[in-house]
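Under the working numbering, the letters of the sequence shown match residues 12 to 530, in that order.
Where a beta carbon is used, it is the ideal one built from N, C-alpha and C, also for glycine.
Some notes on the structure that comes next.
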Amino acid sequence: MIKGPPLKRGWLVGPIGYFSWSFVFAVIYGQSPLYTSNQYQYFLHGLARAGFGYLGNDWLANTIDPLPIFSGIVFITFRLIQTCLPFYLYYALLMGVYLVGVLGIMDVVFDLGRVKTHRLMFLILFLTLHSAALRFLLSRVAGVADPFLLEGGVAGQRLLGQVLQPSSFGVFLVLSIYLFLRRQPYLSLLSLAVAIYFHSIYLLSGALLVLGYMWVIWREKRNVARALTLGVVALIIVSPSLIYTIYIFRPSSSHVITLVNDLLVHFRNPHHAIVSEWLDWMVAVKVAIVFVTLLIVRRTRLFPILGIVVLGSVLLTIIQLITDSNWLALIYPWRASVVLVPLSSCVVLAYSITKVLGFSKNHPSRLTRWTGTAALFVLTGLIIVGAARFQMETARQQADKSRPMMEYVTGHKSPDDTYLVPTTMEDFRLITGAPIFIDFKSVPYRDTDVLEWFERVRMAGWFYRDRVEGVDCDLLRRFREEYTVTHVVLDEDLLGLSCPGLGEEMFRDEHYAVFRIDA
């Protein structure tokens, strides 16, 4: 194994420093309260297995689990502790991994630790770049549609984001790059494997990184065998995840998989999978940042790593555009941007500090005093804004007009109940613990299950019209007889609905009503 220099002691070395800065970073970044966004899908299997409510009877919860390791953590946590609070801690620790990786890379490339003032300035600017405060300024003040402009990838995909989910473990890709730069190639493969085991979406990004590592080793040692050995070891390490992924996505037939891929690209995920849907001026800004970074690091070991990832991503994206391949679109060849963009933004920051602010050599003491005071002021402000954002979002979540209805269901559900809800009410399951017929956001992974999901979404869409006159009351009988749906939630558009299949009214307010469906 290629040995590297010992890790320099600093603020993040040792458990106390790591936990402290992880917590500070988590507050500044501003997590969303549980449960939010993609958590409605990714927490379902684990909570169902842990016995949360009656989710074990939910149709989606009984489809194959695509991310069993993440679900296992959810299962163990909820089974042992019966509370969601540890999930906030888990995400804070992942943010700490990301912080260690980025600071380490910048220290290797720019030797930030040589001048303490430079390192402090970078840390504060790094936290600002990843803060809820900056996202607020970009979205509310500057009117930028993508508040993650400087630290998010393209196609609405991000490494961190505001919620704990399997893709958050992509931070281990950043740590992998750092470990490789410190000449620990096999440790870097283990870190890379962690990201892949938690979410197989990183198989392609990981493969491109390994190619970059292999190229660096070959260029430095002129030893093909050593480079190939690294690649073979990487393949062996991630092979269980690769095999499981192939098993999940194996097509039941060529016709079915073609239909399913088309549904996923054009019906469920166009915002992620169709380039024309997400290509805009903000993407141009992200691309510019990445290419500026390549110029900055062109004489370092980081250049071939990032360069190969960029080259591979661009070539595969071009191939997807030329062939219009749905399969290629669904493996997201542009996914590596979730690592490239934030890392590139940090490179630009570090370069600016070490080069543009080189005047610090002439006024070291004055700059040190100014930097320390400014850092404390900025850090305090970022913490206040991050904490305030969490409180405000929690209050908005609790004030949602559907909460009284969901609280009623939470207290009155039974093991045999299944609820028909509007397809946009994806939070219903995890708030109430009650099984539902279907929602739009949460999707199974097997091709035949995707077809079933699509059929259910269509049926629910036929029922939930914007006017009571457009509702087909016969659907209630189908829901009851074919899918054993026992209750229906009516939204504001359908509060005046009168159908023969509607049984006892269980709940009503000015926004929602809950009825039992007659057998």
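Original post:
Which whole-angstrom value is the C-beta distance of Arg346 and Gly164, which I expect to be below 8 Å?
Top reply: At roughly 7 Å, the Cβ-Cβ gap stays under 8 Å, so Arg346 and Gly164 are in contact.
Original post:
What separation, rounded to the nearest whole angstrom, lies between the Cα atoms of Phe183 and Leu198?
Top reply: 11 Å
**OP:** Report, in whole angstroms, the separation of the C-beta atoms of Gly115 and Tyr189, which I expect to be a contact under 8 Å.
**Re:** Indeed they touch by this definition, with Cβ atoms about 4 Å apart.
Subject >> Simplified DSSP state of Glu418, which is helix, strand or coil >> reply: helix
Subject >> Distance between Ala206 and Ile80 (C-alpha atoms, nearest Å) >> reply: 11 Å
Subject >> As assigned by DSSP and simplified to three states, the class of Met524 >> reply: With the sequence shown as reference, residue 524 is identified as Ala, and Met is not the correct amino acid for it. Of the three classes helix, strand and coil, the one that applies to Ala524 here is strand, per DSSP.
**OP:** Output the distance between the C-alpha atoms of His277 and Arg90, rounded to the nearest integer angstrom.
**Re:** Going by the C-alpha atoms only, they are around 38 Å apart.
Original post:
Helix, strand or coil for Tyr475 per DSSP?
Top reply: coil
Original post:
What's the gap between the Cα of Leu275 and the Cα of Glu288?
Top reply: 14 Å
Original post:
Hey, would you say Asp450 sits closer than 8 Å to Val432, going by beta carbons?
Top reply: yes
Original post:
If we ignore side chains and look at the alpha-carbon of each, how far apart do Phe36 and Ile212 end up?
Top reply: 25 Å
Subject >> Coil, strand or helix - Val308 by DSSP >> reply: coil
Subject >> Per DSSP, cross-strand counterpart(s) of His498 >> reply: Tyr430 and Arg527
Original post:
Where in the region 53-119 do unbroken runs of the alpha helix (DSSP H), each at least 4 residues long, occur, reported from the N-terminal end onward?
Top reply: 55-60 and 79-92
Original post:
Whose CA, out of Gly57, Arg440 and Phe133, lies closest to the CA of Thr421?
Top reply: Arg440
Original post:
Just checking my contact of Phe518 with Tyr419 at CB under 8 Å: how many whole Å lie between their CB atoms?
Top reply: With a Cβ gap of about 5 Å, Phe518 and Tyr419 count as contacting.
**OP:** Could you work out which residue in His522, Ala406, Glu466 and Cys484 is closest to Leu501 when comparing CA atoms only?
**Re:** His522
Original post:
Given 8 Å as the limit, is there contact between the region 470-478 and the region 399-406, that is, 3 or more CB pairs closer than that?
Top reply: no
Original post:
Taking Cβ positions, are Gly444 and Tyr51 nearer each other than 8 Å?
Top reply: no
**OP:** Pick out whichever of Pro251, Tyr255, Arg309 and Leu222 has its Cα sitting closest to the Cα of Thr240.
**Re:** Leu222
Subject >> At least 3 beta-carbon pairs within less than 8 Å: the region 165-173 vs the region 335-355 >> reply: yes
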